[in-house]
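Peer 1:
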Amino acid sequence: MDEPAARIAFLDFEACGLGPKSWPIEVGWAILGGDAGATLIRPAPDWPIGAWDPRAEAIHGLSFEALVDGGVSCIEACDQLEAAIGDADVYADAPAWDEFWLHQLYSAARRRPSFRLLDFARLMRPIAPGREAEIFVIADGHSPRRHRAEADARHLRALFLAARALAAGREGASDA
């Protein structure tokens, strides 16, 4: 009897900037064959406000005030993430940055994630090599990147589904 396939999730963060003192402002996830979601993160008291980069705000469109007014605590964000991801293998397309912001989030909540981030590129490499342009066209049609955490996590899922469909000789991705 075959072992069941691992549950796969895709994760993305938006952050206040890209500097060494940056911190997460939104986390999003998309489960393969399941739900997707995101949560805004209220800044932790010890996160440096000076790390806020107006250029990052111009890209993701989230203001500091939106986080203060509509974000959840770091503890609540961790709870939501853990509930959504569960025991999945979790992939991110910028694992160094996403791991950094994951650490920032969980440290502020005084917790440790129950999962570790894996490199999305390693997941994709063997699926449909040499067909990257086709994969992006298909995925962009189903779930374009928006520089928001849920949309970008959905985009990763769409890329994976498109690659898997092309490898199987199909031309679409239906679970984006």
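With our numbering, the residue at position 56 of the sequence shown is 1027, and numbering never jumps.
Built from N, CA and C at the ideal position, the CB exists for glycine as well.
Quick one: what does DSSP say glycine 1008 is sitting in, helix, strand or coil?
Peer 2: Strand.
Peer 1: For methionine 972, which residues in the same chain have their Cβ closer than 6 Å to its Cβ, ignoring the five residues on either side in sequence?
Peer 2: Residue confidence for methionine 972 is low, a pLDDT of 37 falling below 50, so the modelled location carries little weight; the figure read from the coordinates is stated next. Cβ neighbours of methionine 972 beyond the five flanking positions: none.
Peer 1: Buried or exposed for serine 1078, please, with buried defined as at least 16 other CB atoms from any protein chain shown within 10 angstroms of its CB.
Peer 2: Exposed, because fewer than 16 other Cβ atoms sit within 10 Å of the Cβ of serine 1078.
Peer 1: Once DSSP output is grouped into helix, strand and coil, what is the label at aspartate 1069?
Peer 2: It is helical.
Peer 1: Indicate whether isoleucine 1106 and leucine 1127 have their beta-carbon atoms separated by less than 8 Å.
Peer 2: Contact flag unset, no.
Peer 1: Let's see if you can read the secondary structure: which residues bound the beta strand (DSSP E) around phenylalanine 1086?
Peer 2: Phenylalanine 1086 -> no beta strand (DSSP E), and no H or E assigned at all.
Peer 1: Grouping DSSP H, G and I as helix and E and B as strand, with all else coil, what is leucine 1003?
Peer 2: Correct three-state label for leucine 1003: coil.
Peer 1: So, with DSSP's three-state summary, where would you put leucine 1132?
Peer 2: Note: leucine 1132 maps to helix in three-state DSSP.
Peer 1: By how many angstroms is the C-alpha of threonine 1010 removed from the C-alpha of proline 1148?
Peer 2: The structure shown does not extend to residue 1148, since the chain is modelled only from 972 through 1147, so no value can be given for it.
Peer 1: If you follow the alpha helix (DSSP H) that isoleucine 1046 is in, where does it begin and where does it stop?
Peer 2: That run of the alpha helix (DSSP H) goes 1045-1056.
Peer 1: Contact between the stretch 1062-1075 and the stretch 977-984 is defined here as three or more beta-carbon pairs at a separation below 8 Å; is this criterion met?
Peer 2: These segments touch.
Peer 1: With three or more beta-carbon pairs closer than 8 Å as the criterion, would you say the stretch 1052-1069 touches the stretch 1083-1093?
Peer 2: As far as the Cβ criterion goes, the stretch 1052-1069 touches the stretch 1083-1093, which means the pair count is three or higher.
Peer 1: In the DSSP assignment, what residue or residues form a beta bridge with glutamate 997?
Peer 2: DSSP output for glutamate 997 lists Glu985 and Leu1011 as bridge partner(s).
Peer 1: Mapping the DSSP letters down to three states, classify isoleucine 1106 as helix, strand or coil.
Peer 2: Three-state result, isoleucine 1106: helix.
Peer 1: With a threshold of 16 other CB atoms inside 10 Å of the CB of isoleucine 1030, please say whether the residue is buried or exposed.
Peer 2: It counts as exposed.
Peer 1: Do the stretch 1041-1051 and the stretch 1019-1029 touch if we need at least three Cβ pairs shorter than 8 Å?
Peer 2: Too few Cβ pairs lie closer than 8 Å, so no.
Peer 1: Count the other CB atoms within 10 Å of the CB of arginine 1096; is the residue buried (16 or more) or exposed (fewer)?
Peer 2: Burial call: exposed.
Peer 1: Since alanine 1027 contacts leucine 989 with CB under 8 Å, what's their CB separation in whole angstroms?
Peer 2: Right, the Cβ-Cβ distance comes to about 7 Å (below 8 Å), so this counts as a contact.
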